[in-house]
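S.K.: Residue numbers (my numbering): 17 to 388. Take this structure, written in structure tokens, and hold onto it; I'll ask about it next.
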């Protein structure tokens with residue numbers, strides 16, 4: 017395959033690459049002809065995208081429909097103070113073009129869903145998963161499997177992170193070999209609930225960028241079947257072996273999944289539960305307007321509440337709900353909200369189990385309220 021030549025400006029920019037055995041001019045030309053789809057421009061996506069752009073990957077696709085929040089700035093280094101309230105994609109594109117104006121950046125202002133996943137991935141060589149929820153991770157894995165493209169996986173939690181490459185077409189396992197089924201709603205806390213040290217996604221996201229560049233260049237060893245676990249407190253990297261599961265529903269010997277559109281990838285990202293009642297933020301606004309005494313409980317954390325709160329709401333963080341159950345009326349409607357709807361859905365499930373049948377989830381949480 018003939019790769020595009022380097023311009024004079026590119027030779028100056030990538031001079032330190034050109035002198036590396038295994039990269040050199042041919043490798044840099046490979047990078048120029050390569051493309052990566054980045055799912056998310058948050059904690060993991062920020063460092064990964066920055067280093068891919070700086071390295072000269074010719075085309076980078078960004079998928080994100082979120083807006084910059086002040087709580088993002090502690091770890092999402094693509095974004096800054098002046099971008100608060102604005103689309104993350106706008107911030108990311110501006111920053112990456114400042115890093116490297118010689119590459120192409122595609123901005124996809126939408127969620128990565130079963131409806132658009134195949135079309136979004138098709139023009140790119142590989143995918144980097146920078147998301148923080150299980151349904152999208154299943155989707156990234158599944159669509160990559162069917163298109164025979166590598167999925168560079170990363171995850172973070174407080175002081176620990178993980179990174180690997182899922183690529184059954186190259187002889188390794190897939191994400192479903194490691195996690196066969198979707199965890200129950202609330203089985204794993206969100207970043208807002210559990211917290212994460214801001215430096216950690218910088219480390220894991222950089223490792224994802226490294227694995228992507230190795231794949232694009234065809235150098236080094238691809239960590240197929242090897243999950244690298246980083247413990248920041250112990251300053252340790254520990255490899256775990258991941259074996260291909262012959263019973264895997266996707267890449268096993270007798271697969272039962274034949275499309276990336278399936279129950280796991282269709283599951284709600286916010287973990288809202290259709291078995292429980294819910295209302296929209298528009299309906300919430302009407303209720304608060306017609307009845308100021310409407311019971312509205314905010315199950316976010318105090319720092320989130322201090323940043324923005326719906327007037328008339330009562331703060332009871334999800335972790336304190338069981339101990340403060342006597343503060344929740346047992347009769348009548350009790351509306352519950354959080355940031356996006358996931359924690360509040362779990363709170364509603366708990367309250368109904370306690371006999372508070374009027375508990376109702378506010379879909380989309382305060383983010384939807386603020387956008388409205």
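Yeah, the Cβ is synthetic: ideal placement off N, Cα and C, and Gly gets one too.
Ignoring anything shorter than 3 residues, give me the beta strand (DSSP E) runs that lie fully in the segment 45-122, in order along the chain.
M.R.: Taking only runs of at least 3 residues, the beta strand (DSSP E) segments lying wholly in the segment 45-122 are 51-55 and 75-79.
S.K.: Buried or exposed, going by whether 16 or more other CB atoms sit within 10 Å of the CB of residue 23?
M.R.: Per the 10 Å Cβ criterion, exposed.
S.K.: Can you say whether residue 171 is buried or exposed, counting buried as having 16 or more other CB atoms within 10 angstroms of its CB?
M.R.: Buried.
S.K.: Are residue 255 and residue 267 closer than 9 Å when you measure CB to CB?
M.R.: No.
S.K.: Please report the residue range of the beta strand (DSSP E) in which residue 243 lies.
M.R.: Element bounds for residue 243: 242-247.
S.K.: In this structure, does DSSP put residue 150 in helix, strand or coil?
M.R.: Note: residue 150 maps to helix in three-state DSSP.
S.K.: Are residue 260 and residue 308 touching if we call contact CB-CB under 9 Å?
M.R.: Result no, Cβ atoms of residue 260 and residue 308 do not sit closer than 9 Å.
S.K.: Between 341, 383 and 121, which has its C-alpha nearest residue 395's C-alpha?
M.R.: Beyond the ends of the chain as shown, which are 17 and 388, falls residue 395; an answer cannot be given.
S.K.: Examine the ligand FMN and report whether any of its heavy atoms sits within less than 8 Å of the Cβ of residue 255.
M.R.: Among the components modelled here there is no ligand, and therefore nothing to report on the ligand FMN.
S.K.: Can you have a look at residue 340 and say buried or exposed, based on whether 16 or more other CB atoms are within 10 angstroms of its CB?
M.R.: Classification of residue 340: exposed, given that the 10 Å Cβ count is below 16.
S.K.: Here's a check: name, in chain order, each residue in its chain whose Cβ is nearer than 8 Å to the Cβ of residue 370, leaving out the five neighbours to either side.
M.R.: Answer for residue 370: 341, listed in chain order.
S.K.: Does the Cβ of residue 194 have 16 or more other Cβ atoms within 10 Å, making it buried, or fewer, making it exposed?
M.R.: Answer is buried; the Cβ neighbour count reaches 16.
S.K.: From the DSSP output, which residues share a beta bridge with residue 142?
M.R.: Looking at the DSSP assignment, residue 142 forms a beta bridge with 52.
S.K.: Buried or exposed: which applies to residue 387, given that a residue is buried once 16 or more other Cβ atoms fall within 10 Å of its Cβ?
M.R.: Its Cβ having fewer than 16 others within 10 Å, residue 387 is exposed.
S.K.: Taking the alpha carbon of residue 198 as the reference point, which residue from 174, 155, 229 and 176 has its own alpha carbon closest?
M.R.: Minimum Cα distance to residue 198 is reached at 155.
S.K.: Once you ignore the five residues that flank residue 69 on each side, which residues in its own chain have a CB closer than 8 Å to its CB?
M.R.: So the list reads 76, 112, 115, 116, 119 and 121, once near-sequence residues are dropped.
S.K.: Looking at residue 103: is its Cβ nearer than 9 Å to the Cβ of residue 85?
M.R.: No, the Cβ-Cβ distance between residue 103 and residue 85 is not below 9 Å.
S.K.: Between which two residues does the beta strand (DSSP E) carrying residue 260 extend?
M.R.: Neither: residue 260 is in no beta strand (DSSP E) and is coded neither H nor E.
S.K.: DSSP three-state label for residue 353, please.
M.R.: The answer is strand: DSSP assigns residue 353 an E or B state.
S.K.: Tell me the DSSP bridge mates of residue 294?
M.R.: 377, per the DSSP bridge assignment.
S.K.: Tell me, to the nearest whole angstrom, how far the beta carbon of residue 83 is from that of residue 61; I am working on the premise that it is less than 8 Å.
M.R.: About 15 Å; that fails the 8 Å criterion.
S.K.: Enumerate, from N- to C-terminal direction, the unbroken beta strand (DSSP E) stretches of 3 or more residues contained entirely within the segment 161-206.
M.R.: Listed in chain order, they are 167-173 and 176-182.
S.K.: Tell me the residue span of the alpha helix (DSSP H) that contains residue 364.
M.R.: Unbroken alpha helix (DSSP H) run through residue 364: 358-369.
S.K.: Out of 54, 310, 47 and 31, state which residue places its alpha-carbon closest to the alpha-carbon of residue 160.
M.R.: Cα-wise, what sits closest to residue 160 is 54.
S.K.: Classify residue 384 as helix, strand or coil using the three-state DSSP reduction.
M.R.: Residue 384: helix per DSSP, three-state reduction.
S.K.: Check whether the segment 341-354 touches the segment 301-318, counting contact only when three or more Cβ pairs, one atom from each stretch, lie closer than 8 Å.
M.R.: They touch, by the three-pair rule.
S.K.: When DSSP builds the beta bridges, which residues end up paired with residue 252?
M.R.: Beta-bridge pairing links residue 252 to 247.
S.K.: Quick check on residue 330: does DSSP put it in helix, strand or coil?
M.R.: Residue state, collapsed to three classes: strand.
S.K.: Buried or exposed: residue 312, going by 16 or more other Cβ atoms within 10 Å of its Cβ?
M.R.: So residue 312 ends up on the buried side.
S.K.: With a Cβ-Cβ cutoff of 9 Å, do residue 157 and residue 182 count as a contact?
M.R.: It is a contact, given that the beta carbons lie within the stated cut-off.
S.K.: If you drop the 5 nearest sequence neighbours on each side, which residues of the same chain put their C-beta closer than 7 Å to that of residue 124?
M.R.: So the list reads 77, 78, 79 and 136, once near-sequence residues are dropped.
S.K.: Going by CA-CA distance only, name the one from 221, 191, 295 and 211 that's closest to residue 258.
M.R.: Out of 221, 191, 295 and 211, 191 has the C-alpha closest to the C-alpha of residue 258.
S.K.: Could you tell me which residues DSSP pairs with residue 314 in its beta bridges?
M.R.: DSSP output for residue 314 lists 331 and 353 as bridge partner(s).
S.K.: For residue 223, which residues from the same chain have a beta carbon less than 6 Å from its beta carbon, with the 5 sequence-adjacent residues on both sides left out?
M.R.: Excluding residues within five positions, the ones whose Cβ falls inside 6 Å are 179.
S.K.: What residue from 282, 251 and 374 has the CA that sits closest to residue 295's CA?
M.R.: Nearest option by C-alpha distance: 374.
S.K.: Between residue 368 and residue 168, what straight-line distance do the alpha-carbon atoms span, to the nearest angstrom?
M.R.: Going from the Cα of residue 368 to the Cα of residue 168 covers about 40 Å.
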